[in-house]
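Here the working numbering is used: the first residue of the sequence shown is 11, the next is one more, and so on.
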Amino acid sequence: MSVNMKNTELDKKDYTEVTEYIKKVLSMIEKDQITREEAEWVTRETVNGFRDHVNPGFLNYRKTVTMDKQFAAVEWSDSGSCFKDVNGKEYIDCLGGFGIYNVGHRNPKVIKAVTDQLNRQALHSQDLLDPLRAMLAKILAEITPGNLKYSFFVNSGTESIEAALKLAKMHSDRTTFIATTRAFHGKSLGSLSATAKGVFRKPFLPMIPGFRHVPFGDIDMMRKTFESCALVGEDVNAVILEPIQGEGGVILPPDGYLKQVRELCDEFGALLIFDEVQTGMGRTGTMFAAEGYGVVPDILCLAKAFGGGVMPAGAVVATEEVFSSLFPNPFMHTTTFGGNPLACAAAIATIDVLIEEKLPQRAAEVGEYMLDKLQEVGKEFPEQVLEIRGKGLLIGVEFHTDEIGFEVSKGLFDNGVLVAGTLVHSKTFRIEPPLTISIEEVDQVVNTFKLVLQKLNQQ
Ligand SMILES: *Cc1c(COP(=O)(O)O)cnc(C)c1O
């Protein structure tokens, strides 16, 4: 009876139109090449879909970033260091999804590992032991600094921070966390508590209790905060920071700062959490930025490039001393998809590529070359460019005003170079291309940068 009733209900709904639409979308995905007409259809459907069903705010945002109708630039394919839009226009990707594409777009070795795994088994049973999780964890223990040994796998950077904070709370009953101003750690309520940007936090206050923010780079302030917390009986559980602040505008730590933070943590019995979601996987010239600064954290957070730009994947790696708080009950923190076989296959292949193609070293060398060249151009335009700084292939270009930064990133976009820059925050834009970017491509980016500044100067 009830089965019949359901069927009648179902029959009432007419799926003819949506089915037609679905078939058309699937046929587009299938195609190697699309015609001009199809490209127009894709563009129209994308813009309308964003306006009516995603969020019209994105269209307004893109309109401010690009000239004329280019706000409707719709991405369609990618490979190597480049993105192509649906009309075939190519962009050198110096935004790199904010640091996703360390091994390049659709690296063949990563694609192969993921496809091989996909052809055998896509996701895990959630009950039997899944082999790749164990193997990736062993590989991470091998390549991470110091005695980092156990891994918990997640799907995103935010989730890696959530897991790190919960791990720190499991490890001790201390409730204070020290984060830094201009920090970015994600936007879920836990990670947002550590994130520093007021505009993202304000509507969601109060945050998780116990978070304090001190200025990044100010070791005296950090020490005073440790001391005050101890005096009032609210001892510090952990310090959380990005070795180099990415979202904050590529802020490098002052000399010796990270070592001093490590010493403070040791002195007061607190943990050190490094958020290497953006700086990890070779980006700054060493496999992890921690190594570049000779500091070993107790907990290391990874994501973004961890899945090789093919799968969403992240990890929290911790010492046995810290991680063992989860041994008695491994179900204290779980995720259905974290560490799935496809993500693990992608991460393992990504690490293989990074090591075999010496990409961390390449990031150091090409990064130095690119930084030099950009700085040379910057010196020619002191009226516009305030400072260009960076480490490896994480480079920040700071302008005197938001408006100049906005005009330059707009000019670069129009000339086929994608950088991170918006009207709300464009005083500094980030350049973080694939670590595989060729010298010719670097030169092209630098020349375009110069051209755009020259044009701006003539106005
Ligand atoms: C991007 C980023 C995050 C958040 O990662 P999502 O994958 O977007 O959740 C956290 N920390 C840092 C340093 C990041 O750059």
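Note that beta-carbon positions come from the ideal geometry of N, C-alpha and C, so glycine has one too.
From a predicted model like this one, the values you see are computed outputs, not experimental measurements.
Taking C-alpha positions only, residue 387 is separated from residue 460 by approximately 6 angstroms. In the three-state scheme derived from DSSP, where H, G and I count as helix and E and B as strand, residue 45 is classed as coil. Inclusion of residue 405 and residue 441 in the CB contact set at 8 angstroms is warranted, their separation being smaller than that value.
Assignment of beta-bridge partners to residue 223 by DSSP yields 189. Burial is judged here by how many other beta carbons sit within 10 angstroms of a residue's own beta carbon; residue 401 has at least 16 and is buried.
In the displayed model, residue 391 falls within coil according to three-state DSSP, outside both helix and strand. A distance below 8 angstroms separates the beta carbons of residue 260 and residue 399. Listed as beta-bridge partners of residue 261 by DSSP are 255.
In the DSSP annotation of this structure, the continuous segment of the alpha helix (DSSP H) that includes residue 269 starts and ends at 267-278. By the neighbour-count criterion, in which a residue is buried when 16 or more other Cβ atoms sit within 10 angstroms of its Cβ, residue 25 is exposed. In this structure, the CA atom of residue 100 is about 11 angstroms from the CA atom of residue 424. Residue 22 has its alpha-carbon roughly 47 angstroms from the corresponding atom of residue 315. In the three-state reduction of the DSSP assignment, residue 25 falls in the coil class.
Placement of the Cβ of residue 196 at a distance of less than 7 angstroms from at least one heavy atom of ligand 1 is found. In this structure, the C-beta of residue 254 stays at least 7 angstroms away from each heavy atom of ligand 1.
Residue 321 sits away from residue 364, with the two beta carbons spaced by 8 angstroms or more.
Secondary structure at residue 69: helix, using DSSP grouped into helix, strand and coil.
For the 8 angstroms CB-CB criterion, residue 243 and residue 196 do not form a contact.
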